[in-house]
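K.L.:
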Amino acid sequence: MKTWISFLLPDDEYKEKKMLHFLAEGGFLLFLFLIGMTILNQFYNIGSTTTLLLSILFFIVYVGARYILSGIEYTDVATDKAYKRELKLLITKTTSFVIIFTLLYVVFVEFPSTWGGWFELLGMLFTVTLLWFMTSFISLKRSYKKNKDLMS
Amino acid sequence: MKNNVKITRIKRSMTQEQLARKVGVTRQTIGLIEKGEYNPTLLLCISIAKALDKTLDELFWEVEDE
Chain U
1 MKTWISFLLP DDEYKEKKML HFLAEGGFLL FLFLIGMTIL NQFYNIGSTT TLLLSILFFI
61 VYVGARYILS GIEYTDVATD KAYKRELKLL ITKTTSFVII FTLLYVVFVE FPSTWGGWFE
121 LLGMLFTVTL LWFMTSFISL KRSYKKNKDL MS
Chain W
1001 MKNNVKITRI KRSMTQEQLA RKVGVTRQTI GLIEKGEYNP TLLLCISIAK ALDKTLDELF
1061 WEVEDE
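Chains U and W are the protein sequences, given in the same order. Take the numbering used here: the last position of the first sequence gets the number 152, and nothing is skipped along the way. Take the numbering used here: the last position of the second sequence gets the number 1066, and nothing is skipped along the way.
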């Protein structure tokens, strides 16, 4: 089955089918969400920018959450050894991100001169890193559990 | 869908990973097919049958006990 969206889809046919389901579900729910927002807009004055940003966020969060919770990201992690190796890799990747981002920010953007500046930079970095780590960790854990069950 | 993929693969001393690599899917997909939790496309069924040197009937046709 060829479609223009193929470039966004994985090669594996099970993963491809799952992704198509998630995108279709997200698209349909987004349609309902937009109808709800249109009705709500008759009673409350919601700005168009707010509506658009909320719509984008809604779609990304829904599709992302379905993908993470489905356990289809780490398809080869089925043993305890592979799980620990992948977890170690995830920790290394997030730590490297924190170090590289902080260095690049300090060198090319600005060197925070106040405690407030540092607090702002580290707070933002902490939030992004935590979100990245948690989503990857949940995905890894779900994938491992799913694969382990399939091995027996 | 019940099938004979797992038993045939084991008889051929092949791992899920080896079969997956041979037919170009992930190990997870092979596991799901073996457990009957995913119905593969006809194209993938043919690839699996070729990889295991069996016919589609032998792997995927359900035979009712009399």
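By construction, the Cβ of each residue, glycine as well, lies at the ideal position given by its N, Cα and C atoms.
Kindly indicate which three-state DSSP category Glu1066(W) falls into: helix, strand or coil?
P.N.:
A caution first: Glu1066(W) carries a pLDDT of 48, below 50, which makes its placement in the model unreliable, though a value can still be read off. DSSP places Glu1066(W) in coil when its eight states are reduced to three.
K.L.:
Quick one: using the 10 Å Cβ neighbour count with 16 as the cut-off for buried, is Val1053(W) buried or exposed?
P.N.:
The sequence given here places Asp at residue 1053(W); Val does not occur at that position. Asp1053(W) is exposed by the Cβ-count criterion.
K.L.:
Helix or strand or just coil, what does DSSP make of Tyr105(U)?
P.N.:
Here Tyr105(U) sits in helix by DSSP.
K.L.:
Flag this pair as yes or no: are the beta carbons of Leu140(U) and Leu69(U) separated by less than 8 angstroms?
P.N.:
No, these two residues do not count as a Cβ contact at 8 angstroms.
K.L.:
Residues in the same chain with beta-carbon distance under 7 angstroms from Leu125(U), minus the five sequence neighbours each way, listed in chain order, please.
P.N.:
Excluding positions up to five away in sequence, the list reads Val98, Phe101 and Thr102.
K.L.:
In terms of residue numbering, what span does the alpha helix (DSSP H) encompassing Tyr14(U) cover?
P.N.:
Segment Glu13 to Phe43, the alpha helix (DSSP H) holding Tyr14(U).
K.L.:
May I ask which residues mark the beginning and end of the alpha helix (DSSP H) holding Leu122(U)?
P.N.:
Segment Trp115 to Met151, the alpha helix (DSSP H) holding Leu122(U).
K.L.:
Would you say Ala78(U) lies against chain W (beta-carbon separation less than 8 angstroms)?
P.N.:
So yes, Ala78(U) belongs to the interface.
K.L.:
From what residue to what residue does the alpha helix (DSSP H) around Ser48(U) run?
P.N.:
That run of the alpha helix (DSSP H) goes Ser48 to Ser70.
K.L.:
Step through the CB atoms of chain W and report whether any lies within less than 8 angstroms of the CB of Leu150(U).
P.N.:
Closer than 8 angstroms to some Cβ of chain W, the Cβ of Leu150(U) qualifies, so yes.
K.L.:
List the residues of chain U whose Cβ lies closer than 7 angstroms to the Cβ of Gln1018(W), in chain order.
P.N.:
Neighbours of Gln1018(W) on chain U: none; closest Cβ ~13 angstroms, over 7 angstroms.
K.L.:
Taking Cβ-Cβ distances shorter than 8 angstroms, what residues in chain W pair up with Tyr83(U)?
P.N.:
Residues of chain W passing the Cβ test: none, with the nearest at roughly 14 angstroms.
K.L.:
Can you tell me whether Thr3(U) is buried or exposed? The criterion is at least 16 other CB atoms within 10 Å of its CB, across all chains shown.
P.N.:
Exposed.
K.L.:
Going straight from the alpha carbon of Pro10(U) to that of Leu23(U), what length do you get?
P.N.:
Taking the straight line from one Cα to the other gives about 13 angstroms.
K.L.:
What residue range does the alpha helix (DSSP H) around Ala1051(W) cover?
P.N.:
First-last of the alpha helix (DSSP H) with Ala1051(W): Leu1042 to Ala1051.
K.L.:
Tell me which residue opens and which closes the alpha helix (DSSP H) that Arg1027(W) is part of.
P.N.:
Arg1027 to Glu1034 is the span of the alpha helix (DSSP H), which, as asked, contains Arg1027(W).
K.L.:
Counting only C-beta atoms, is Asn147(U) closer than 8 angstroms to chain W at any point?
P.N.:
At least one chain W Cβ lies under 8 angstroms of Asn147(U).
K.L.:
Quick check on Lys1022(W) - is its C-beta less than 8 angstroms from some C-beta in chain U?
P.N.:
No, Lys1022(W) lies away from the interface with chain U (no Cβ there is under 8 angstroms from its Cβ).
K.L.:
Starting from the Cα of Ile1046(W), find the closest Cα among Gly1031(W), Lys1035(W) and Phe1060(W) and give me that residue.
P.N.:
Nearest C-alpha to Ile1046(W): Phe1060(W).
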